[in-house]
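Report on the structure given below.
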Amino acid sequence: MTTSASTTNNPRVAVVTGTSSGIGEAVVKKLCDLGHQVLAVDFNPAGKAVAEAAGAAFFEADLTDADACRAAIDDAVKRFGSVDILVNNAGIQHVSPIESFPEQKWRQIIDLMLTAPFLLSQAAWPHMREGGWGRIVNIASVHAQVASPGKSAYISAKHGMIGLTKTAALEGGEQGITANAICPAYVKTPLVDNQIADQAKLHGMEEQEVIEKIMLKNAAVKRLIEPSEVAEMVAFLCADTAGAVTGSSWNIDLGWTAQ
Numbered sequence: 056m057t058t059s060a061s062t063t064n065n066p067r068v069a070v071v072t073g074t075s076s077g078i079g080e081a082v083v084k085k086l087c088d089l090g091h092q093v094l095a096v097d098f099n100p101a102g103k104a105v106a107e108a109a110g111a112a113f114f115e116a117d118l119t120d121a122d123a124c125r126a127a128i129d130d131a132v133k134r135f136g137s138v139d140i141l142v143n144n145a146g147i148q149h150v151s152p153i154e155s156f157p158e159q160k161w162r163q164i165i166d167l168m169l170t171a172p173f174l175l176s177q178a179a180w181p182h183m184r185e186g187g188w189g190r191i192v193n194i195a196s197v198h199a200q201v202a203s204p205g206k207s208a209y210i211s212a213k214h215g216m217i218g219l220t221k222t223a224a225l226e227g228g229e230q231g232i233t234a235n236a237i238c239p240a241y242v243k244t245p246l247v248d249n250q251i252a253d254q255a256k257l258h259g260m261e262e263q264e265v266i267e268k269i270m271l272k273n274a275a276v277k278r279l280i281e282p283s284e285v286a287e288m289v290a291f292l293c294a295d296t297a298g299a300v301t302g303s304s305w306n307i308d309l310g311w312t313a314q
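Per the numbering used here, the sequence shown starts with residue 56, numbered consecutively.
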């Protein structure tokens, strides 16, 4: 799915989280290419160079902090006057059985990947409502639809994100605000690269076996997904022409959930 500048109709103000690499970096670049004003938000200061290379502004924030979530939206409003698009992408991963899963890591993952999208949506909502137009796109995962061993916090957060997406869609419909989730399978990102060694340790496998026997086991298309493919879907959902699309979960899962 390719979204040209003509299909966006109007340049908007977008806030994208988790932007120093991977999906977030690709989304920032795509939205900037489409003419939107973009604030890239990441806890990693190296994300500033990534954002500036794409033509975006940068805001450094640890989104497990509620005040930082609100500050990110405030910064976008101060810079650009409003917030029209919110892409909740920031995420981390930890692989461990439930029995030994660290409580601190559980709380960190839930705070970053479920509570932060709620707080960011809450802070952006009045600006979208005032403008009568808004797009919330939550980057969920195929693990918002299915589960895998060792990922209790990640999977719980992603399942919760689907519920948040549906609720936001119902509440935002009459105000011109849409909310959708994108559910990719394994995307070629540093986050996935870091998982390979963890999965290999958990399952007693070689790293190449993890890719073939775990990551691509249930895929009809036997490859990892490119970040740009997810960014194209984000661009479609953020376009004026997607105004009738809300409350949906869009699988980019290589056929994983077709079984």
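Cβ atoms here follow ideal geometry from the backbone N, Cα and C, with glycine treated the same way.
By alpha-carbon distance to L219, the top candidate from A199, C293 and S207 is A199.
Using a Cβ-Cβ distance cut-off of 8 angstroms, the segment 139-147 and the segment 71-88 are in contact, since at least three pairs of beta carbons, one from each stretch, lie closer than that value.
The Cβ atoms of T301 and A224 lie closer than 7 angstroms to each other. Assignment of E115 by DSSP, reduced to helix, strand and coil, places it in the strand class.
Bounds of the alpha helix (DSSP H) holding I210 are S207 to G227. Remark: C-beta atoms of Q92 and F135 approach each other more closely than 7 angstroms. Residue environment: E107 is assigned as exposed (fewer than 16 neighbouring CB atoms within 10 Å of its CB, all protein chains considered).
DSSP lists V70 and A112 as the beta-bridge partner residues of L94. Secondary structure of S304 (DSSP, three-state): strand.
Taking C-alpha positions only, D130 is separated from W188 by approximately 19 angstroms. I191 carries a strand assignment under DSSP once its states are collapsed to helix, strand and coil. T233 has R190 as its beta-bridge partners, per DSSP. By the C-beta density criterion, Q263 is exposed, having fewer than 16 other C-beta atoms within 10 angstroms. In this structure, the CA atom of D139 is about 34 angstroms from the CA atom of Q159. Beyond the five residues adjoining it in sequence on each side, A179 comes within less than 6 angstroms, by CB distance, of I128, V138 and L141 in the same chain, given in chain order.
The criterion of a C-beta distance shorter than 7 angstroms is not satisfied by S303 and N193. At least 7 angstroms separates the beta-carbon of I164 from that of P239.
A residue is called buried when at least 16 other Cβ atoms come within 10 angstroms of its Cβ; V83 meets this threshold and is buried.
Proximity to C87 across W311, G298 and A290 peaks at A290, based on C-alpha coordinates. Burial is judged here by how many other beta carbons sit within 10 angstroms of a residue's own beta carbon; S155 has fewer than 16 and is exposed.
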